[in-house]
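Asker: Please see the structure below; I have some questions.
Residue numbers (the numbering used here): 2 to 679.
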């Protein structure tokens with residue numbers, strides 16, 4: 002169907018005869034970092050072609066010149082339209098896209114961990130059966146600890162993460178396939194074999210390749226970019242990164258683009274990220290719009306322009322977008338199609354030495370808090386890292402296995418958090434938690450609360466005990482619990498404390514207890530007390546003690562005992578008083594010693610001595626007592642202060658400087674080693 006120009010277009014679909022369709026017209030848009038899309042108008046002698054014979058099948062659009070292949074686009078049929086039927090032809094229209102466009106039809110929510118962007122892309126492409134792709138990345142992409150695709154299509158997700166890394170993509174078309182190329186360096190782009198001549202005076206159809214129009218465009222864009230972010234691992238560090246525009250002398254330098262967060266957690270990522278941002282913002286700062294009849298004009302390809310009247314235009318240019326238009330009116334013979342077969346395009350270029358970066362796409366945001374389940378290794382009920390972070394699994398995550406690989410380490414909000422002081426209550430494996438997201442960013446989850454559910458129920462039945470405020474723990478790797486409970490029911494107010502094993506209390510100064518009614522103390526084993534200075538005890542009523550065993554009272558000084566009325570001792574067997582020097586019994590009125598009716602009585606009338614016999618210097622010996630047999634008390638075990646489980650992250654000088662909000666570099670090596678004199 003080629004005329005005098007020798008130009009011809011063909012369109013074939015997998016499974017159909019090559020002569021099924023005749024191309025009457027096509028228009029295609031092809032741009033860097035976008036899947037190309039062609040609308041092809043066709044005529045066929047088969048009036049009953051069905052969508053099942055074309056839709057989602059491989060197809061090829063080819064441009065021929067004098068029977069020689071000039072350009073091909075390989076893709077799939079995304080849309081099929083059946084039109085009117087004439088005397089001998091039926092009109093059809095198809096939309097034709099690369100297989101890569103299928104990724105726009107897959108929406109997902111999933112988590113990628115410790116993988117680079119190229120690794121993530123490879124997973125998504127291979128899941129769709131796309132194997133014709135390659136990477137031409139000039140720098141080493143950093144592994145992403147935690148990267149979430151959240152309620153977005155695979156294509157939108159790829160577009161977003163490649164833009165963050167300064168990566169663009171385009172299609173390299175060959176005779177039997179197209180290859181998807183990902184690159185961050187357009188300086189390595191392929192070039193057309195021959196320079197293209199500029200000829201604005203040529204008219205009509207011509208088989209000679211040339212550029213007929215070439216209009217340069219310069220516009221004001223951002224003059225600099227500044228990004229900032231935050232990492233809890235380096236809370237005092239600003240993470241501020243700045244990059245200024247190049248070749249921007251024609252405009253003011255005050256158009257700063259500032260953004261937070263910058264989507265990085267260290268300078269190694271932040272420096273290229275801010276450079277990619279300014280290069281993306283200025284991707285259209287200096288462009289040129291052109292028209293030509295060259296079918297090999299494709300995005301991602303460079304060419305040399307020559308013979309332009311303005312010599313500054315005769316240089317290398319990088320193609321960033323093309324609109325292809327082809328007409329072949331002879332395909333409809335019955336409609337009297339006349340005129341030559343023509344191919345033309347309009348395209349946009351930038352100077353080849355300038356980098357081109359794709360636009361930054363908005364990151365999907367999480368609209369509000371979500372529920373998640375705390376997870377960990379099999380057999381472990383408390384699983385955390387040195388920062389008290391835990392791992393979780395979201396209900397929407399279909400790829401994880403409820404284990405310690407389900408997520409990154411997630412920070413846990415505590416009621417109070419200072420420098421080695423505050424509160425710590427770690428959610429345990431199996432607990433349901435409420436997860437929020439910093440800036441709504443699905444890549445930055447943080448646990449802000451915990452909730453009960455049908456399996457994990459409150460410690461007391463509700464609403465029967467709705468007046469109770471309870472803090473109850475559960476013994477790790479054992480049975481039991483500790484509990485602090487407040488009862489607020491009127492008339493039954495109570496504070497209840499239960500320790501599964503030990504209670505240790507350390508008071509650095511005074512302790513005052515004021516009990517308005519009774520104090521009951523029940524010790525089932527032993528009690529140990531050690532008062533290092535004085536012990537003061539005042540009892541306004543009675544003091545009663547019942548000791549079922551022995552009692553030892555050891556006084557290193559003097560025992561003073563004063564009775565208001567009487568001292569009455571009832572000893573079942575023996576009273577033995579022993580003094581190293583003297584014993585004095587001083588009675589105001591009477592002193593009596595009585596043994597079985599024999600007694601000595603001393604009173605105001607004299608001394609009375611009465612006995613069955615009176616032996617005076619007749620022999621015999623004095624009886625001896627049992628003697629002292631007291632046992633020293635056992636000293637109570639000392640209370641050890643709670644050790645600091647986490648070493649201080651900052652030196653004293655660093656902490657003081659941080660509180661003063663003074664300029665400070667947290668990573669000073671001398672400060673880390675304690676050698677800095679400041």
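Glycine included, every Cβ here is placed at the ideal spot set by N, Cα and C.
Check the C-beta distance from residue 349 over to residue 321 and give it rounded, since I have them as a contact under 8 Å.
Answerer: Residue 349 sits at position 348 when you count from the first residue of the chain shown. Residue 321 sits at position 320 when you count from the first residue of the chain shown. That belief holds up - the Cβ atoms of residue 349 and residue 321 are roughly 5 Å apart, short of 8 Å.
Asker: What do you get for residue 42, buried or exposed, if any count of 16 or more other CB atoms within 10 angstroms of its CB means buried?
Answerer: On the chain shown, residue 42 is found 41 positions in, with the first residue counted as 1. Buried: at least 16 other Cβ atoms inside 10 Å.
Asker: Among residues of its own chain, excluding the 5 on either side of residue 314, which ones have a beta-carbon nearer than 8 Å to its beta-carbon?
Answerer: The count along the chain shown starts at 1 and reaches residue 314 at position 313. Closer than 8 Å at the Cβ level, and outside the excluded window around residue 314, lie 199, 215, 217, 289, 306.
Asker: Based on Cα-Cα distance, which residue from 496, 36, 455, 371 lies nearest to residue 468?
Answerer: Indexing the chain shown from 1 puts residue 468 at position 467. The shortest C-alpha separation from residue 468 is found at 496.
Asker: Quick one: does the C-beta of residue 144 sit closer than 6 Å to a heavy atom of the ligand FMN?
Answerer: Among the components modelled here there is no ligand, and therefore nothing to report on the ligand FMN.
Asker: Alpha carbon to alpha carbon, how far is residue 14 from residue 160?
Answerer: Working through the chain shown from its first residue, we reach residue 14 at position 13. Working through the chain shown from its first residue, we reach residue 160 at position 159. Rounded to the nearest angstrom, the two C-alpha atoms are 29 Å apart.
Asker: Using the three-state DSSP reduction, which class does residue 473 fall into: helix, strand or coil?
Answerer: On the chain shown, position 472 is the one that residue 473 refers to. DSSP places residue 473 in strand when its eight states are reduced to three.
Asker: DSSP three-state call for residue 118: helix, strand or coil?
Answerer: Position 117 of the chain shown, counted from the first residue, corresponds to residue 118. Residue 118 falls in the helix class under three-state DSSP.
Asker: Which residue marks the beginning of the beta strand (DSSP E) containing residue 245, and which one marks its end?
Answerer: In the chain shown, counting from the first residue as 1, residue 245 sits at position 244. Counting along the chain, the beta strand (DSSP E) containing residue 245 begins and ends at 242 to 245.
Asker: Against chain C, does residue 420 count as a neighbour if the rule is that its beta carbon must be under 7 Å from one of theirs?
Answerer: The question asks about chain C, but that chain is absent: this structure has only one protein chain.
Asker: Of all the options 445, 612, 80, 623, which has the alpha carbon lying nearest to the alpha carbon of residue 366?
Answerer: The sequence position of residue 366 within the chain shown is 365, counting from 1. Looking at the Cα atoms, 445 is the closest of the given residues.
Asker: Give me the Cα-Cα distance between residue 526 and residue 502, rounded to the nearest whole angstrom.
Answerer: Locating residue 526 in the chain shown gives position 525, counting from the first residue. Locating residue 502 in the chain shown gives position 501, counting from the first residue. Near 14 Å, if we compare the C-alpha coordinates of residue 502 and residue 526.
Asker: Output needed for residue 646: all residues of its chain with C-beta closer than 8 Å, excluding positions within five of it in sequence on either side, in chain order.
Answerer: By 1-based counting over the chain shown, the position of residue 646 is 645. Because residue 646 carries a pLDDT of 49, less than 50, the predicted location of this residue cannot be relied on, and the following value inherits that uncertainty. Counting only Cβ-Cβ distances below 8 Å, and skipping sequence neighbours, we find nothing.
Asker: Could you please give me the residues that DSSP links to residue 292 through a beta bridge?
Answerer: As a first step, residue 292 must be located in the chain shown, where it is residue number 291. BP columns for residue 292 point to 214, 347.
Asker: Quick check on this structure: which residue in 595, 26, 185 has the alpha carbon closest to the alpha carbon of residue 613?
Answerer: Indexing the chain shown from 1 puts residue 613 at position 612. Ranking 595, 26, 185 by Cα distance to residue 613 puts 595 first.
Asker: Enumerate in chain order the residues of its own chain whose CB-to-CB distance from residue 474 is below 6 Å, with the five nearest sequence positions on each side excluded.
Answerer: Taking the first residue of the chain shown as position 1, residue 474 is located at position 473. Excluding sequence neighbours, residue 474 sits near 482, 483.
Asker: In its own chain, which residues sit with a C-beta less than 6 Å from the C-beta of residue 219, not counting the 5 before and 5 after it?
Answerer: As a working note, residue 219 is residue 218 in the chain shown. If we look at residue 219 and ignore the five residues flanking it on each side, its Cβ neighbours are 287.
Asker: Between which two residues does the beta strand (DSSP E) harbouring residue 271 extend?
Answerer: Here the question's residue 271 lines up with position 270 in the chain shown. Run containing residue 271: none in the beta strand (DSSP E); it sits in the alpha helix (DSSP H), 268 to 282.
Asker: Does DSSP put residue 55 in a helix, a strand or coil?
Answerer: Translated into the one-based positions of the chain shown, residue 55 becomes position 54. Three-state result, residue 55: coil.
Asker: Thinking residue 91 and residue 356 are a contact (beta carbons under 8 Å), I'd like their distance in whole angstroms, please.
Answerer: Sequence index remark: in the chain shown, residue 91 carries index 90 (1-based). Sequence index remark: in the chain shown, residue 356 carries index 355 (1-based). Going by Cβ atoms, the distance from residue 91 to residue 356 rounds to 48 Å, so no, they are not a contact pair.
Asker: Would you kindly report the start and end of the unbroken alpha helix (DSSP H) that includes residue 165?
Answerer: Looking up residue 165 in the chain shown gives position 164. Note, residue 165: alpha helix (DSSP H), 155 to 165.
Asker: When you compare only the Cα positions, how much space is there between residue 76 and residue 458?
Answerer: Reading the chain shown from its first residue, position 75 is the one you call residue 76. Reading the chain shown from its first residue, position 457 is the one you call residue 458. Answer to the nearest angstrom: the Cα atoms are 56 Å apart.
Asker: Starting from residue 128, follow its DSSP beta bridges and name the residues at the other end.
Answerer: As a working note, residue 128 is residue 127 in the chain shown. Looking at the DSSP assignment, residue 128 forms no beta bridge with any residue, so it has no partner.
Asker: Closest to residue 610 by CA distance: which of 232, 593, 247, 577 is it?
Answerer: For the purposes of this step, residue 610 is identified with residue 609 of the chain shown, where counting begins at 1. Residue 593 is the option with its Cα nearest to residue 610.
Asker: Secondary structure at residue 366, three-state DSSP: helix, strand or coil?
Answerer: For the purposes of this step, residue 366 is taken as the residue at position 365 of the chain shown. Residue 366: coil per DSSP, three-state reduction.
Asker: Can you tell which of 370, 296, 431 has its C-alpha closest to the C-alpha of residue 70?
Answerer: Here residue 70 refers to the residue found at position 69 when the chain shown is read from its first residue. It is 296.
Asker: Residue 102 to residue 57, Cα distance in whole Å?
Answerer: On the chain shown, position 101 is the one that residue 102 refers to. On the chain shown, position 56 is the one that residue 57 refers to. Cα to Cα, the separation comes out at about 11 Å.
Asker: What is the rounded straight-line gap between the Cα of residue 414 and the Cα of residue 110?
Answerer: For the purposes of this step, residue 414 is identified with residue 413 of the chain shown, where counting begins at 1. For the purposes of this step, residue 110 is identified with residue 109 of the chain shown, where counting begins at 1. One C-alpha to the other measures close to 25 Å.
Asker: I'd like the list of long-range same chain contacts for residue 345, defined as Cβ closer than 7 Å, with 5 residues on each side in sequence excluded.
Answerer: Counting from 1 along the chain shown, the entry for residue 345 is found at position 344. 292, 294, 326, listed in sequence order.
Asker: Could I get the ranges of all uninterrupted alpha helix (DSSP H) runs contained in the stretch 493 to 541, with 4 residues as the minimum, in chain order?
Answerer: For the stretch 493 to 541, not a single whole alpha helix (DSSP H) run of length 4 or above is found.
Asker: Go to residue 81, then tell me how far its beta strand (DSSP E) extends in each direction, as first and last residue.
Answerer: As a working mapping, residue 81 is identified with position 80 in the chain shown. Its beta strand (DSSP E) spans residues 69 to 86.
Asker: For a test of the three-state rule: what should DSSP assign to residue 361, helix, strand or coil?
Answerer: Within the chain shown, the letter at position 360 stands for residue 361. It is coil, neither helix nor strand.
Asker: When the Cα atoms are used, what is the spatial distance from residue 251 to residue 319?
Answerer: For the purposes of this step, residue 251 is identified with residue 250 of the chain shown, where counting begins at 1. For the purposes of this step, residue 319 is identified with residue 318 of the chain shown, where counting begins at 1. Taking the straight line from one Cα to the other gives about 22 Å.
Asker: Which of the three DSSP states, helix, strand or coil, is assigned to residue 312?
Answerer: Here residue 312 corresponds to residue number 311 of the chain shown, with the count starting at 1. Here residue 312 sits in helix by DSSP.
Asker: Spell out a yes or no on whether the stretch 370 to 387 and the stretch 427 to 443 are touching, meaning 3 or more CB-CB pairs, one atom from each, closer than 8 Å.
Answerer: Yes, the stretch 370 to 387 touches the stretch 427 to 443.
Asker: Closest to residue 280 by CA distance: which of 26, 104, 244, 271 is it?
Answerer: Taking the first residue of the chain shown as position 1, residue 280 is located at position 279. Answer by Cα proximity: 244.
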